[in-house]
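As structure tokens, the structure follows; a few thoughts come after it.
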Amino acid sequence: MYKYASPKNFYALAGRLIPWLGTITLLLFVFGLYLGLYVAPPDYQQGDSYRIMFIHVPAAWMSMFVYVMMAGAGLVGLVWNIKLADMLATASAPIGASLTLMALVTGSLWGKPTWGTYWVWDARLTSELLLFFLYMGFMALQAAIDDPRRSARAGAVLALVGVVDIPIIHFSVVWWNTLHQPASIGSLGRIVSPTIYPSMLHPLLIMSIAFFVFYFTVVLIRMRGEILARERHTGWVTQIVRSGMEAQGARP
Amino acid sequence: MSQNLLGTARCIFQRDLILAARKPADVATPLAFFVIVSSLFPLGVGPEPDVLSRLAPGVLWVAALLATMLSLGRLFAGDHADGTLEQMTLSPHPLTPLVFAKVAAHWVTSGLLLVVLSPLLAMQLNLPAHAMGTLAVTLLLGTPVLSLLGSVGAALTLGVRGGGVLLSLLVLPLYTPVLIFGAGAVTASASGLDTKAYFSLLGAFLLLALGFAPWATAAALRISLD
Numbered sequence: 001m002y003k004y005a006s007p008k009n010f011y012a013l014a015g016r017l018i019p020w021l022g023t024i025t026l027l028l029f030v031f032g033l034y035l036g037l038y039v040a041p042p043d044y045q046q047g048d049s050y051r052i053m054f055i056h057v058p059a060a061w062m063s064m065f066v067y068v069m070m071a072g073a074g075l076v077g078l079v080w081n082i083k084l085a086d087m088l089a090t091a092s093a094p095i096g097a098s099l100t101l102m103a104l105v106t107g108s109l110w111g112k113p114t115w116g117t118y119w120v121w122d123a124r125l126t127s128e129l130l131l132f133f134l135y136m137g138f139m140a141l142q143a144a145i146d147d148p149r150r151s152a153r154a155g156a157v158l159a160l161v162g163v164v165d166i167p168i169i170h171f172s173v174v175w176w177n178t179l180h181q182p183a184s185i186g187s188l189g190r191i192v193s194p195t196i197y198p199s200m201l202h203p204l205l206i207m208s209i210a211f212f213v214f215y216f217t218v219v220l221i222r223m224r225g226e227i228l229a230r231e232r233h234t235g236w237v238t239q240i241v242r243s244g245m246e247a248q249g250a251r252p
Numbered sequence: 253m254s255q256n257l258l259g260t261a262r263c264i265f266q267r268d269l270i271l272a273a274r275k276p277a278d279v280a281t282p283l284a285f286f287v288i289v290s291s292l293f294p295l296g297v298g299p300e301p302d303v304l305s306r307l308a309p310g311v312l313w314v315a316a317l318l319a320t321m322l323s324l325g326r327l328f329a330g331d332h333a334d335g336t337l338e339q340m341t342l343s344p345h346p347l348t349p350l351v352f353a354k355v356a357a358h359w360v361t362s363g364l365l366l367v368v369l370s371p372l373l374a375m376q377l378n379l380p381a382h383a384m385g386t387l388a389v390t391l392l393l394g395t396p397v398l399s400l401l402g403s404v405g406a407a408l409t410l411g412v413r414g415g416g417v418l419l420s421l422l423v424l425p426l427y428t429p430v431l432i433f434g435a436g437a438v439t440a441s442a443s444g445l446d447t448k449a450y451f452s453l454l455g456a457f458l459l460l461a462l463g464f465a466p467w468a469t470a471a472a473l474r475i476s477l478d
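One line per chain: the protein sequences are L and Z, in this order.
Position one of the first sequence corresponds to residue 1 (the working numbering), numbered consecutively onward.
Position one of the second sequence corresponds to residue 253 (the working numbering), numbered consecutively onward.
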């Protein structure tokens, strides 16, 4: 196990895992979308528009999960000084931000047929928006600091403060929302109640697993890039770059 | 060296107050910003008293948030530039209480003055008189949270390029719960509702921030000075 804590071995391991994880992601997406868009019946109230849920809900779940991953990896990096954990946190941030943006865009597209407008200050959408700002802050802070060690550690402290604050922000927004919104507007989450019909629940679960595996696939790809960038002065990276250049030079 | 921890913390607190008194412009600028931003709203939305009194709690709280954020830059920057901060991290005392003393001094020279100034602006925005007390109490409970959370951001962005704008990006999303309950309390009070729950929640935020923020700020300072 310890063998893979070194960036060089991890680079090779990730390179072997990525094709498998990528294939699983693709299969899960195809199967989940087939069940969600084709097999699942239309909703008796919302018709076909509810099907955006199969993208929206997993993206929203994952956006929060990735932030927790980021903070957890940041903590590990901060306490035990493990480079790979720092890289995991840094590599996770853009993925988490994209998933948050996806949840926001799909939520707003879903809002049009359901609520009649693209944007409603719904509690969940507002929390997602604030989560998006937190991701932006994390990425901006890391981008502004050149020293990779300081950048990783500063990001970790920010992510940890954020992870303590996110539940508080979420409950504040929910509370604020119940005060300001008329109760007639249904929350998106009501659809994902335990009484959901199995033919709608199954694609949702499969899509969630697909997003989950997708995150790990992409994070490994991004971590490989981080490893190459940070270890670019070492011998093994130089070798990889040289063999890559030779392969390119052989083509014309 | 023979100073005990409490004495050192008090010394830092007094020193920061003296420094602020010697440079009153640094203290006054965020306050002037607070006044100007609040005065811009009637120009933007029109002078109808009803509209203004509806907007007043939110406008005043958002302006207080922004003014606090602007004042955060001076929290560590001066001490960082002249090396005082480095000496503080080298002192035999733990950094957290020393950071706490600095944040307390920052609050006295920013948040507390906003509280004092708030009734004036509340009048300007036609907030009902009975809600002014609530505004002052919520600011009294809320602005220390803003200083404490802001100190983490100020420590993280110390000496970083584009620090000011970056700081706002880091800190403003974290401020939202205080904004929601601070402005919520004033709105409730203006419409004659009970505000006890809001005060309890703001007090809870304050206790939480008192417990965790100086510690996180000290950690962030050590990272920035590394």
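Glycine residues also receive a C-beta, built at the ideal position from the N, C-alpha and C atoms.
None of these values were measured; they are calculated from a predicted model.
Distance between beta carbons of residue j and residue i, contact taken as under 8 Å
i, j, result
"Y67(L)", "I166(L)", "7 Å"
"V193(Z)", "S403(Z)", "Past the edges of chain Z, shown from 253 to 478, lies residue 193(Z), and the structure says nothing about it."
"A89(L)", "A154(L)", "A89(L) to A154(L), Cβ: 11 Å. No contact."
"V279(Z)", "P466(Z)", "So it is not a contact: roughly 22 Å between Cβ atoms."
"S63(L)", "L99(L)", "4 Å"
"A159(L)", "F138(L)", "6 Å"
"A326(L)", "V397(Z)", "The requested residue 326(L) does not occur in the structure, where chain L is confined to residues 1 to 252."
"G434(Z)", "T469(Z)", "Contact flag wrong, Cβ pair sits at about 22 Å."
"G325(Z)", "G416(Z)", "6 Å"
"L477(Z)", "V161(L)", "Between V161(L) and L477(Z) the Cβ distance is about 19 Å, and since that is not below 8 Å, they are no contact."
"R230(L)", "P148(L)", "6 Å"
"L453(Z)", "M136(L)", "Actually they are not in contact, since the Cβ atoms of L453(Z) and M136(L) sit about 27 Å apart, beyond 8 Å."
Residue i in three-state terms, based on DSSP
i, result
"G186(L)", "Since pLDDT at G186(L) reaches only 44, below the 50 mark, its modelled position is unreliable, and no value is offered."
"G47(L)", "strand"
"N9(L)", "helix"
"W80(L)", "helix"
"P194(L)", "Because the pLDDT of P194(L) is 49, which lies under 50, any placement of that residue in the model is unreliable, and the question is left without a value."
"G298(Z)", "coil"
"I221(L)", "helix"
"S504(Z)", "Residue 504(Z) lies beyond the residue range present for chain Z, which begins at 253 and ends at 478; the question has no answer from this structure."
"T23(L)", "helix"
"Y67(L)", "helix"
"R232(L)", "coil"
"D86(L)", "helix"
"W175(L)", "helix"
"T117(L)", "coil"
"G40(L)", "For clarity, residue 40(L) is Ala in the given sequence; the question names Gly instead. A40(L) falls in the coil class under three-state DSSP."
"V249(Z)", "A question about residue 249(Z) goes unanswered here, because the residues of chain Z that appear run from 253 up to 478."
"L307(Z)", "helix"
"D278(Z)", "helix"
"D147(L)", "coil"
"L445(Z)", "coil"
"I18(L)", "helix"
"M253(Z)", "In this prediction, M253(Z) scores a pLDDT of 49, lower than 50, which makes its location untrustworthy; the coordinate-derived value is nonetheless stated afterwards. Three-state DSSP puts M253(Z) in coil, outside helix and strand."
Endpoints, alpha helix (DSSP H) assigned at residue i
i, result
"R326(Z)", "325 to 333"
"G385(Z)", "381 to 408"
"A449(Z)", "448 to 477"
"I432(Z)", "415 to 442"
"A140(L)", "123 to 144"
"D268(Z)", "257 to 274"
"V367(Z)", "363 to 376"
Residue i CB to nearest heavy atom of the ligand MN below 6 Å
i, result
"T178(L)", "With respect to the ligand MN, the structure shown offers nothing to examine, as it has no ligands at all."
**Report entry** Near-chain Z residues of the region 165 to 176 of chain L - C-beta to any C-beta below 9 Å
**Finding:** Result list: D165, I168, I169, F171, S172, V173, W175, W176.
**Report entry** chain Z contacts from the region 59 to 86 of chain L (Cβ-Cβ distance under 9 Å)
**Finding:** If the cut-off is 9 Å between Cβ atoms, the region 59 to 86 of chain L has L78 near chain Z.
Query raised in the report: Below 8 Å, can you find three or more Cβ-Cβ pairs linking the region 117 to 125 of chain L to the region 81 to 88 of chain L?
Result: Flag = no, the region 117 to 125 of chain L and the region 81 to 88 of chain L do not touch.
Query raised in the report: Counting pairs of beta carbons, one from the region 274 to 288 of chain Z and one from the region 365 to 382 of chain Z, are three or more of them closer than 8 Å?
Result: Touching, yes, given that three or more Cβ pairs across the two stretches are closer than 8 Å.
Report task. Report yes or no: do the region 386 to 405 of chain Z and the region 434 to 453 of chain Z share at least 3 C-beta pairs separated by less than 8 Å? Result -> In the pairwise beta carbon analysis, the region 386 to 405 of chain Z is classified as touching the region 434 to 453 of chain Z: at least three pairs are separated by under 8 Å.
Query raised in the report: Using 8 Å as the threshold, is the region 305 to 315 of chain Z in touch with the region 338 to 349 of chain Z, meaning 3 or more CB pairs across them?
Result: Not touching, per the Cβ criterion.
Report task. Output, in sequence order along the chain, the residues in the region 114 to 125 of chain L whose CB is closer than 8 Å to any CB in chain Z. Result -> Those would be none; no residue qualifies.
Query raised in the report: Per the contact definition of three or more C-beta pairs closer than 8 Å, is the region 15 to 29 of chain L in contact with the region 217 to 235 of chain L?
Result: These segments touch.
Query raised in the report: Three or more beta-carbon pairs under 8 Å between the region 50 to 60 of chain L and the region 95 to 112 of chain L, yes or no?
Result: Yes, since at least three Cβ pairs between the region 50 to 60 of chain L and the region 95 to 112 of chain L fall closer than 8 Å, the two stretches touch.
Query raised in the report: In chain order, what residues of the region 218 to 231 of chain L put their CB closer than 9 Å to some CB of chain Z?
Result: Against chain Z - using a Cβ distance shorter than 9 Å - the region 218 to 231 of chain L contributes no residues.
Query raised in the report: Which residues, in chain order, does the region 374 to 406 of chain Z contribute to contact with chain L at a C-beta distance below 9 Å?
Result: Going along the region 374 to 406 of chain Z in chain order, one finds L401, V404, G405 with a Cβ nearer than 9 Å to chain L.
**Report entry** At least three beta-carbon pairs within less than 8 Å, the region 68 to 75 of chain L to the region 234 to 241 of chain L
**Finding:** Touching, no.
Report task. Note down, in chain order, all residues in the region 135 to 150 of chain L with a beta-carbon under 7 Å from any beta-carbon belonging to chain Z. Result -> Correct list: M136, G137, A140, L141, A144, I145, R150.
Query raised in the report: What residues in the region 282 to 308 of chain Z bring their beta carbon closer than 7 Å to a beta carbon of chain L?
Result: Result list empty, no residue passes.
Requested in this report: Could you please tell me which residues of the region 416 to 430 of chain Z, in chain order, have their CB closer than 7 Å to any CB of chain L?
Outcome: So the close ones are L418, L421, L422, P425, L426, T428, P429.
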